[in-house]
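Going down the list, the protein sequences come from chains A and B. Sequential numbering of the first sequence, starting at 15, is according to our numbering. Sequential numbering of the second sequence, starting at 12, is according to our numbering. For reference, the structure is listed below as structure tokens.
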Amino acid sequence: MHRFAKPSVFLKITAPILPWLVGATVILIASGLYFSLIASPVDYQQGATVRIMYLHVPAAWMGLFCYVGMALCGAMSLIWKHPLADICARATAPIGATFTALCLITGSLWGEPMWGTWWVWDARLTSMLILLFLYLGYIALVNAFDDPERGSKAGSALALVGAINVPIVKFSVDWWNTLHQPASIVRVDGPAVDPSMQLPLALMIFGFTGYYFVVLILRVRLELNERRIRALHLSGMFDDNGENSTAETKPYDPSHNAEASQ
Amino acid sequence: MSLSRAKARKRQRMYIIGAVMIAVAGAAALALTAFEDSVVFFFSPSEIVEKSPIDPDQRLRIGGLVEEGTVSKQQDGKTVNFVVTDMAESITVAYAGILPDLFREGQGVVAEGHMSPNGTFVASEVLAKHDENYMPPEVAESLKKSGHWEEIEAKNAEQMRN
């Protein structure tokens with residue numbers, strides 16, 4: 015596994031995948047939006063307001079998915095001290111925070127016409143808001159230290175402890191009574207969403223997931239390149255007399271990266 | 012030699028993280044169970060009956076289905092009375108205000124207010140509770156025709172009870 019976790023290998027593997035992933039994501043989201051906004055039936059009670067669900071549910075899924083990914087990367091970075099895991103966790107946090115915020119905003123917009131309120135403090139809504147604060151806390155914490163390694167240690171610990179919130183978000187509607195409706199898709203009796211509405215929902219869920227991986231790859235690349243530049247600066251390669259340039263840049267293996275980015 | 016020591020330290024870190032996670036999960040479970048009454052968003056009519064008599068000054072929420080044929084406008088022209096039920100117990104709710112669009116008979120509602128001494132719940136706010144079913148109007152129509160609609164309503168009532 016450690017063989018695959020080298021930055022150079024990451025760049026090499028993701029370079030050919032990225033264009034396909036971008037293409038698939040664009041097709042999925044475009045067709046998903048077409049079906050969710052135009053080619054799907056209205057709900058018998060909610061009317062066209064049901065279309066908010068096609069953004070809300072995938073955003074909620076991504077908020078949880080990204081958090082699990084971030085916590086796993088945090089654990090790997092704590093246990094194996096793997097720099098790539100730390101970079102992935104840092105790269106995931108703002109994406110997950112954005113999806114969580116999108117979920118809260120769309121949920122609020124749906125709640126006003128349907129429930130009659132923008133916001134209530136029930137278990138589902140509150141735990142989702144805590145998820146957003148965990149993301150924001152993680153982002154603030156990893157950037158609060160001058161030494162990035164200490165920042166990632168503190169951040170990983172926060173991400174791991176906060177992972178307790180993920181099952182609470184998912185099962186809050188089963189454990190306690192809430193204003194939020196119980197699970198519609200992942201539940202024992204099979205989906206409670208009509209098949210004609212499942213298609214746009216599935217397209218959007220896969221589209222959002224693809225989007226996450228595209229942005230993740232781009233962000234990790236950016237971070238790796240930034241680190242290379244920093245290392246080159248430190249090594250004095252940009253100075254007039256760069257004597258020890260080879261020793262410092264070696265861990266980043268510039269030849270490998272150059273090969274991968276072609 | 013040094014390699015195996017590094018491995019042992021990694022394993023040790025893994026165990027520590029595992030132990031911390033279990034401890035945090037346990038603490039969260041205990042805290043959430045202890046504060047169950049504050050975590051739940053509303054009480055069902057059965058729970059209200061269990062807890063009664065309830066202090067009229069205590070604000071609380073009651074949730075359940077609006078019983079069919081019980082919605083009636085009072086003579087003052089503002090107050091609406093309806094019965095909230097979980098199919099086991101029923102409580103009459105009085106509310107003077109604008110009802111949400113989704114408010115209708117057979118649908119879930121959550122009302123916030125207080126118990127008056129005569130046993131009616133006086134609500135200051137009424138929210139509609141949507142269930143987890145999403146379907147086009149034609150499907151809802153055919154479910155009503157084939158008689159499967161009652162199953163859904165019975166399930167909704169059951170969810171309100173727990």
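Ideal Cβ positions, reconstructed from N, Cα and C, are used throughout, including at glycine.
| Exposed or buried, what is G130 (chain B) when buried is set at 16 or more other beta-carbons lying within 10 Å of its beta-carbon? | Translated into the one-based positions of the second sequence, residue 130 (chain B) becomes position 119. Classification of G130 (chain B): exposed, given that the 10 Å Cβ count is below 16.
| task | Give the straight-line distance between the Cα atoms of E162 (chain B) and P33 (chain A), rounded to the nearest whole angstrom. | result | The residue labelled residue 162 (chain B) in the question sits at position 151 within the second sequence. The residue labelled residue 33 (chain A) in the question sits at position 19 within the first sequence. Taking the straight line from one Cα to the other gives about 48 angstroms.
| message | With a threshold of 8 angstroms, are at least 3 pairs of Cβ atoms found where one atom belongs to the region 75-90 of chain A and the other to the region 215-235 of chain A? | response | yes
| said: Threshold first: 3 residues or longer. Then list the beta strand (DSSP E) segments lying entirely within the region 123-209 of chain A, N to C. | reply: none
| said: Tell me the residue span of the beta strand (DSSP E) that contains E149 (chain B). | reply: Stepping through the second sequence from its first residue, residue 149 (chain B) is reached at position 138. Here E149 (chain B) belongs to no beta strand (DSSP E); instead the alpha helix (DSSP H) covers P148 to S157.
| Taking the alpha carbon of S107 (chain A) as the point to measure from, which residue in A:R233, A:P21 and A:L246 has its own alpha carbon closest? | Stepping through the first sequence from its first residue, residue 107 (chain A) is reached at position 93. Just to set this straight, residue 107 (chain A) is Ala in the shown sequence, not Ser. Ranking the options by Cα distance to A107 (chain A), first place goes to A:R233.
| Is F58 (chain A) close to chain B, meaning its C-beta is less than 8 angstroms from at least one C-beta of that chain? | If you number the first sequence from 1, residue 58 (chain A) lands on position 44. According to the sequence provided, residue 58 (chain A) is Tyr. The question's Phe does not apply to it. So, interface residue.
| task | Starting from K6 (chain B), follow the alpha helix (DSSP H) in both directions and report where the run begins and ends. | result | Chain B is shown only over 12 to 173; residue 6 (chain B) falls outside these bounds and no answer can be derived.
| query | Which residues share a DSSP beta bridge with N92 (chain B)? | reply | As a first step, residue 92 (chain B) is located in the second sequence; it is residue number 81 there, counting from the start. Partner(s): B:S83 and B:A105.
| request: Less than 8 angstroms between the CB atoms is what I'm expecting for V50 (chain B) and W190 (chain A), so what's the real figure, rounded? | output: As a working mapping, residue 50 (chain B) is identified with position 39 in the second sequence. As a working mapping, residue 190 (chain A) is identified with position 176 in the first sequence. V50 (chain B) to W190 (chain A), Cβ: 5 angstroms. Contact.
| field | Candidates B:N92, B:G75, B:A19 and B:E116: closest to S83 (chain B) by CA position | value | On the second sequence, position 72 is the one that residue 83 (chain B) refers to. Ranking B:N92, B:G75, B:A19 and B:E116 by Cα distance to S83 (chain B) puts B:N92 first.
| request: To the nearest angstrom, report how far apart E273 (chain A) and L98 (chain A) are at their CA atoms. | output: As a first step, residue 273 (chain A) is located in the first sequence; it is residue number 259 there, counting from the start. As a first step, residue 98 (chain A) is located in the first sequence; it is residue number 84 there, counting from the start. Low local confidence applies: a pLDDT of 46 at E273 (chain A) is under 50, so the model's placement there is unreliable, and no value is given.
| said: Buried or exposed, going by whether 16 or more other CB atoms sit within 10 Å of the CB of A42 (chain B)? | reply: As a position in the second sequence, residue 42 (chain B) is number 31, starting the count at 1. By the Cβ-count criterion, A42 (chain B) is exposed, with fewer than 16 other Cβ atoms from all chains shown falling within 10 Å of its own Cβ.
| message | When you compare the CB of P196 (chain A) with every CB in chain B, is at least one pair closer than 8 angstroms? | response | Here residue 196 (chain A) corresponds to residue number 182 of the first sequence, with the count starting at 1. Answer yes: the Cβ-Cβ gap between P196 (chain A) and chain B drops below 8 angstroms somewhere.
| request: Under the assumption that R241 (chain A) contacts V156 (chain A) (Cβ atoms under 8 angstroms), give the Cβ distance between them as a whole number of angstroms. | output: For this step, residue 241 (chain A) is matched to residue 227 along the first sequence. For this step, residue 156 (chain A) is matched to residue 142 along the first sequence. Contact between R241 (chain A) and V156 (chain A) does not hold, since the beta-carbon distance rounds to 15 angstroms and is not under 8 angstroms.
| said: If you follow the beta strand (DSSP E) that S54 (chain A) is in, where does it begin and where does it stop? | reply: Against the first sequence, residue 54 (chain A) aligns to sequence position 40. Run containing S54 (chain A): none; DSSP gives neither H nor E here.
| request: Report yes or no: do the region 162-175 of chain A and the region 125-140 of chain A share at least 3 C-beta pairs separated by less than 8 angstroms? | output: Taking 8 angstroms as the limit for Cβ pairs, the verdict is that the region 125-140 of chain A does not touch the region 162-175 of chain A.
| task | State the start and end residues of the unbroken beta strand (DSSP E) segment that holds I73 (chain B). | result | Taking the second sequence and counting its residues from 1, the one referred to as residue 73 (chain B) is at position 62. From DSSP, the beta strand (DSSP E) with I73 (chain B) extends over L71 to V77.
| Top-ranked residue by Cα proximity to L47 (chain A), from A:A29, A:R164 and A:H70 | Start at 1 with the first residue of the first sequence, and residue 47 (chain A) comes out as number 33. Closest in alpha carbon position to L47 (chain A), among A:A29, A:R164 and A:H70, is A:H70.
| Under 7 angstroms from the C-beta of A36 (chain B): neighbouring residues of chain A | Locating residue 36 (chain B) in the second sequence gives position 25, where the first residue counts as 1. Result: I178.
| task | Examine chain A for any beta-carbon lying closer than 8 angstroms to the beta-carbon of V82 (chain B), and answer yes or no. | result | One-based indexing of the second sequence puts residue 82 (chain B) at position 71. The C-beta of V82 (chain B) comes no closer than 8 angstroms to any C-beta of chain A.
| message | Tell me which residues of the region 95-129 of chain B have at least one Cβ-Cβ distance to chain C shorter than 7 angstroms, keeping chain order. | response | Among the chains of the structure shown, chain C does not appear; the protein chains present are A and B.
| task | Please check if any C-beta of chain A sits within less than 8 angstroms of the C-beta of I28 (chain B). | result | Locating residue 28 (chain B) in the second sequence gives position 17, where the first residue counts as 1. Interface residue, yes.
| task | Could you say which of A:R235, A:K26 and A:D208 lies nearest to L154 (chain B) if we only look at CA atoms? | result | Position 143 of the second sequence holds residue 154 (chain B). Ranking A:R235, A:K26 and A:D208 by Cα distance to L154 (chain B) puts A:D208 first.
| field | Host alpha helix (DSSP H) of E193 (chain B) (start-end) | value | Because chain B here runs from 12 to 173, residue 193 (chain B) falls outside it and cannot be looked at.
| request: Can you have a look at V200 (chain A) and say buried or exposed, based on whether 16 or more other CB atoms are within 10 angstroms of its CB? | output: Looking up residue 200 (chain A) in the first sequence gives position 186. So V200 (chain A) counts as exposed.
| task | Enumerate in chain order the residues of its own chain whose CB-to-CB distance from L92 (chain A) is below 6 angstroms, with the five nearest sequence positions on each side excluded. | result | If you number the first sequence from 1, residue 92 (chain A) lands on position 78. Result list for L92 (chain A): S170, in chain order.
| Which one of B:V150, B:T90 and B:P111 has the shortest CA to CA distance from P55 (chain A)? | Residue numbering aside, residue 55 (chain A) sits at position 41 when the first sequence is read from its first letter. The candidate whose alpha carbon is nearest that of P55 (chain A) is B:V150.
| task | Anything in chain A within Cβ reach of V50 (chain B), meaning under 7 angstroms, just list it in chain order. | result | Looking up residue 50 (chain B) in the second sequence gives position 39. Those within 7 angstroms of V50 (chain B) in chain A are A137 and W190.
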